Amino acid sequence: MTVRRECGFAYLLMLFLIALLAISMLAMGTLEYYAKVRSDEVELLRVGAEFRHALASYRNAVEPRTYPTSLDELVLDRRAGVLRRHLRKIYADPITRTRDWGVVVEVGGIIGVYSKSQRKPLKVAGFDPEDAGLEGAEHYSDWIFSPVRATPEATVDSGLR
């Protein structure tokens, strides 16, 4: 009678393939995460541009040229006796997923908005010319979307109005 030795090569090969599959799935998950963050950044830049243009439109719509005291005034502007919409709706912040925007107030009006997220952005350079002021920002909350440059006297208010 002969003794047969089983070496277990198939078992080791299966373990190796499972480990390889797990590593590749982890890499795909990481790539998917960064793709989602980049997509959220692009959406934040788009929404920020909408706010920037709405603030400029509000200011230029009626004399005297003032900025809104609340973000809701960008949606329903009744200053001239006619309803005017500078912004279709108050968009949600793509980073925090809330409608809670930080606002920059100067001379009684909102001159800019920013995300309240303290996460670090992936994009720190290569912005469009109108977003050039966002370069080198440490946090998304440093990305201020305004039709004007804020003066040192401008106050940053963290609440939605």
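Numbers 2 to 162, taken from my numbering, label the letters of the sequence shown in order. Backbone N, C-alpha and C fix where the C-beta goes; we use that ideal spot for every residue, glycine too. Being a predicted model, the structure only gives us computed values, none of them experimental.
Item: Status (buried if at least 16 other CB within 10 Å, exposed otherwise) for I91; Value: buried
Item: Buried/exposed call for D41, threshold 16 Cβ in 10 Å; Value: buried
Item: F128 to H140 span [Cα, whole Å]; Value: 15 Å
Item: Closest Cα partner of R1 within the set Y59, L27, D78 and V38; Value: Coverage of the chain is limited to positions 2 through 162, which leaves residue 1 absent and any answer about it impossible.
Item: Assigned exposure category for V114 - 16 Cβ within 10 Å defines buried; Value: buried
Item: N- and C-terminal bounds of the beta strand (DSSP E) containing I112; Value: G110 to Y115
Item: Whole-Å CB distance - K117 paired with S142, under 8 Å assumed; Value: 6 Å
Item: Contact test: A23 Cβ vs the ligand NAP heavy atom, cutoff 6 Å; Value: As far as ligands go, the structure on display features none, and thus does not contain the ligand NAP.
Item: CA-to-CA distance, L18 to A11, given in whole angstroms; Value: 11 Å
Item: 8 Å CB neighbourhood of R89 in its chain, flanking five on each side removed; Value: V76
Item: Where the beta strand (DSSP E) containing G103 begins and where it ends; Value: G103 to E107
Item: Three or more C-beta pairs below 8 Å linking the stretch 44-57 and the stretch 16-36; Value: no
Item: Nearest-angstrom Cα separation, counted from S71 out to S25; Value: 49 Å
Item: Residues sharing a beta bridge with R85, DSSP; Value: D78
Item: Close-in-space but distant-in-sequence residues of the same chain around I112 (CB under 8 Å, 5 per side omitted); Value: L56, Y68, V105, V106, S147, P148, V149, A151 and A155
Item: Classification of E136 by the beta-carbon crowding that lies within 10 angstroms, buried from 16 upward; Value: exposed
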